[in-house]
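Inspection log for the structure reproduced underneath, given as C-alpha cells.
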Amino acid sequence: MAKEHDERDTIEQQSESGADRREFMRGGLVIGGSLVGSAALGCFAQDDQNPSPERAAVLEHVAQNKVDVAPGELDDYYGFWSGGQSGEVRIVGVPSMRELKRIPVFNRDAATGWGADDFSKALLGGRQSGDTHHVHLSYTDGTYDGRYVYVNDKASARLARIRCDTMEVDRVTDIPNSQGTHGIFPQRHKTGLVLCNAEFRTPQANDGRDMDDPSKYGAMHTAIDGETMEVKWQVLVEGNMDLCATDYEGKYSFATCYNSEGGVNLEGMMAAERDHLYVFNLAAIEAAVSEGKTIRVGDSPVPVVDARGADGPYVLRVPIPKSPHGVNIDPTGAYAVCAGKLSPTVSVVQIDKLDAAFAGQIKPRDAVVAEPEVGLGPLHTAFDGRGNAYTSIFIDSVVTKWNIAKAIEAYGDETVDPILQKIDVHYQIGHINASMSETKDADGQWLIALCKFSKDRFLNVGPLHPENDQLIDISGDEMKLVHDGPTFPEPHDAVVVPRDLIHPSKIMLRNGPRFELYDKMAEEDGVDLMSASQVIRKGPGKVRVYIVGAAPVFSLTEFRVKSGDEVQLVVTNLDAVEDLSHGMCVSKHDVNFLVNPQDTKSMTFTAGAPGVYWYYCPWFCHALHLEMRGRMIVEA
Ligand code: K7E
Ligand code: CUA
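Residue numbers (the numbering used here): 42 to 677.
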C-alpha cells in the first residue's frame, strides 16, 4: 500500500501544479501545532507521533473542530456518496458538505459523454440508467487502501468499480441469476471478494420456469473478485437479502433477510415476527466450490452452492425481529448490529459465537447478546470508535446514540439504560455514517445523516424537494447538528475518508482497460495517438478520424465523410496542464464528450445529410476557446 502511494505521489509531483505546492506549503505551516492536536485526539490509528505534513494538517483542522471551510481552504475528508436514481457517485467535501464532483457510473451523462462514448457504452452494454445505493472502498488490513470504490446497481444487478487515481469507472460486472442487487460489501482484511446481495427472489433459472410458484424462487449471495471483477461463486438461499456486511478477518459475510416468508406482497413479507441475519461461512463455501459440490443455474458458468432450506455448513440463520434492514460491523470487529426496521430494536450479534452456532453447540439466536430499544424504524448504524453506536431511526426522524457495552449489560438487567442521546434530524433518515466508521480506524469526528425528506428546510423548489444530508459533530459527549446539505435525489449511503488516504492524479493516467482499447486501435492503424491527425477509411461506409487538440486548436480544421458513413471520432488532448480539459461536440449529431488533459476518447455516430457541420471544443480552455473548432464536410 505504502509503495503504491509513493508511486502516485511521484506522479503528482511530476505534474508540478500550483495546487500541489499550495497543499505542501499548507501542510508545512501547521506542522508545529499538530502534535498537540494529535495527542488530544489519539484516535487515528496511523503514526500520529510522526505525522506526514498532510495528516498533520488534517489533525490540526479536526482538533479545532472547524465546520466552516473558508474560501481557498480544503476539506479534511473526502465523502463518497451514492447517487440513487441518478445512477452516479458523488464526491462531497466534509465538513463543508460542498459537492466536489459527480462520477457518472450507470448513467448517461451529457457533460462528460459517459454512457455514449465508445468505451463506456460498451462497458454498460448500451443501458443508460442505474440505481446506486451502496459505496464502499477497497480495504487492506481493516482500513481503506485508497485504491477503488465499489458501487451497486440495483436496477440491473451490476457492480461497478471506480479507480481512485483517475476517479473513473474502469469495470462493470453483470451479476448472473440476480435481480435487485442491493447490499454490497468488500472484504476488509485485503482487497479480496466483494459480496453482493440479490434483494429480489426470482425463479432459478429465470427462463420461464416456476413463474407462478414463488415457493421455488430464490436469491443469490454473489462473490466478485475485487481485483479482476470476475464473478467467483454464488450461494443460493431461499429468502431475500437486503444489506450486506463482512467481518474483519475474512471468515464471514452477512446479509439481512426481511422476507424469510417468501411473500410476494406486503402482507406476506411482513407476516413473521422474526426474519433473520444470514451468516455465510466463506471457508466452507470455497471448499465446496473447489470440490465441485456446486450446481449450475441457467446459462451462467458460475458455480452455485445450493444452501436453501435449513442451517448447514455454508449458511446460518440468526433470528432477528422484524424485517431487519441494516447490518453494520463495529470497528473492533466483535459485533454485527442488525437494525429491526419494523421492530424498535437493534440486535447485537457477537461474531465470535458464530463458530459454536455453526457447530451446533449453541442455537443461532444465542449469538444475540443485546437488543436495545432505539426508536421506531431503525435502519442503519454507525460507530465512533469509542464504543458508541449511532442508529438512524426513520419513522421517529431521530438519530439514537447508544453504548454497545451498556446494551450488552442491559440485556437481562432492565435497570441499565444504554441510550445516551437522541437528536432530531430533518426528516425521515435513511443511511447514517461516521468518519471511518466502517474501518478499524473509526475516528468519531463527523456523522452524516442522509435524510430522505427535507420538507420546510429549504426554499420551495417544486414538487421534487432536495434530500437533506445533515452533518452532526460527534467529537464531544453530545451530538450537535451543524449543517444542512441539500442534495439531488437520492444518495442512499456515504462513506467519509480522511483526505490523506486518497491520491487522485491531476491529469489522465494512460493505462487500464480504456487505454488498452485505444492502444490496440492505434497499433492496428499504425498511428501514434499523441500525433495522429488523419481520416482513415476502414471499409465501405466506415471511417475513423483521429484528431489531437492543444489549446486553442484541433489538428484537423476540416475532415470529409460521406452521408450515412459510420464515423468514429478519436480525440486526444495533448495538454498536460491540470484543469485544461477539451471536448468534442459535433453540431446536430448528438456527439459531445469530454477529453481531459492527456486523455483519449472516442465516439461513434452516423454522418447526417450532406452539408457543413461545425465541430467545436465545448470546454472553456483558452481565450481563443470559441475559435477551437473545425468543419465536418458531409458529401453526398
Ligand atoms: Cu437503507 Cu438501499 Cu442502503 Cu436506502 S438502503 S436507506
Ligand atoms: Cu479546447 Cu475549449
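Ideal placement from N, C-alpha and C gives every residue a C-beta, glycine not left out. Being a predicted model, the structure only gives us computed values, none of them experimental.
{"Query": "Candidates Trp655, Ala648, Trp660 and Thr647, of which the one nearest asparagine 637 by Cα", "Result": "Trp660"}
{"Query": "Distance, alanine 397 Cα to leucine 357 Cα", "Result": "11 Å"}
{"Query": "Distance cut-off 7 Å: histidine 175 Cβ against heavy atoms of the ligand MN", "Result": "Absence of the ligand MN from the depicted structure is noted, with the ligand K7E and the ligand CUA being the only ligands included."}
{"Query": "Cα-Cα separation between arginine 672 and tryptophan 155, rounded to whole angstroms", "Result": "24 Å"}
{"Query": "Top-ranked residue by Cα proximity to glycine 259, from Cys298, Lys292 and Gly291", "Result": "Cys298"}
{"Query": "Where tyrosine 185 sits in the DSSP three-state scheme", "Result": "strand"}
{"Query": "C-alpha distance - arginine 143 paired with histidine 533, whole-angstrom precision", "Result": "15 Å"}
{"Query": "Close beta carbons around arginine 188, own chain, < 7 Å, minus the five adjacent residues each side", "Result": "Ser179, Cys205 and Thr232"}
{"Query": "Nearest residue (CA-CA) to serine 572, options Pro554, Pro593 and Leu597", "Result": "Leu597"}
{"Query": "Range of the contiguous alpha helix (DSSP H) that encloses proline 554", "Result": "554–566"}
{"Query": "Reduced DSSP secondary structure (H/G/I, E/B, other) of proline 659", "Result": "coil"}
{"Query": "Best match in Asn322, Leu277 and Pro360 for proximity to glutamate 314 [C-alpha to C-alpha]", "Result": "Pro360"}
{"Query": "Endpoints, beta strand (DSSP E) assigned at leucine 141", "Result": "140–144"}
{"Query": "Supposed close pair valine 235, glycine 267 - CB separation, criterion 8 Å", "Result": "5 Å"}
{"Query": "Euclidean distance between Cα positions of serine 433 and glycine 381", "Result": "11 Å"}
{"Query": "The segment 457–471 touching the segment 312–331, judged by at least three CB pairs closer than 8 Å", "Result": "no"}
{"Query": "The ligand K7E heavy atom lying under 7 Å from the CB of histidine 467", "Result": "no"}
{"Query": "Glycine 120 beta carbon less than 8 Å from that of isoleucine 132", "Result": "yes"}
{"Query": "Whole-angstrom distance between asparagine 91 and serine 79, CA atom to CA atom", "Result": "The pLDDT assigned to serine 79 is 32, lower than 50, so where the model puts this residue is not dependable, and the model offers no usable value."}
{"Query": "Cβ distance (whole Å) where alanine 198 is taken to contact glutamine 220 below 8 Å", "Result": "6 Å"}
{"Query": "Nearest-angstrom Cα separation, counted from proline 545 out to arginine 63", "Result": "A caution first: arginine 63 carries a pLDDT of 34, below 50, which makes its placement in the model unreliable, though a value can still be read off. Whole-angstrom Cα-Cα distance: 16 Å."}
{"Query": "DSSP-derived helix/strand/coil call for aspartate 266", "Result": "strand"}
{"Query": "Aspartate 510 beta carbon near the ligand K7E (any heavy atom closer than 7 Å)", "Result": "no"}
{"Query": "Local conformation of isoleucine 543 per DSSP, three classes", "Result": "coil"}
{"Query": "Near the ligand CUA: proline 593 beta-carbon under 7 Å from a heavy atom", "Result": "yes"}
{"Query": "Nearest to glutamate 3 (by Cα), restricted to the options Ala563, Thr373 and Val675", "Result": "Summary: the structure shown does not reach residue 3, with the chain confined to residues 42 through 677, and so no result is reported for it."}
{"Query": "Reduced DSSP secondary structure (H/G/I, E/B, other) of proline 405", "Result": "helix"}
{"Query": "Helix, strand or coil at phenylalanine 494 [DSSP, three-state]", "Result": "coil"}
{"Query": "Status (buried if at least 16 other CB within 10 Å, exposed otherwise) for alanine 448", "Result": "buried"}
{"Query": "Minimum C-alpha distance to valine 135 - residue among Met477, Glu599, Glu531 and Asn193", "Result": "Met477"}
{"Query": "Simplified DSSP assignment, three categories, for isoleucine 548", "Result": "coil"}
{"Query": "DSSP-derived helix/strand/coil call for alanine 411", "Result": "strand"}
{"Query": "Run of the beta strand (DSSP E) containing valine 576, from where it starts to where it stops", "Result": "575–580"}
{"Query": "Asparagine 552 classed as buried or exposed, judged by whether at least 16 other C-beta atoms fall within 10 angstroms", "Result": "exposed"}
{"Query": "Endpoints, beta strand (DSSP E) assigned at phenylalanine 435", "Result": "From DSSP, phenylalanine 435 is part of no beta strand (DSSP E); its letter is neither H nor E."}
{"Query": "Whether histidine 177 touches glycine 224 by CB criterion (8 Å)", "Result": "no"}
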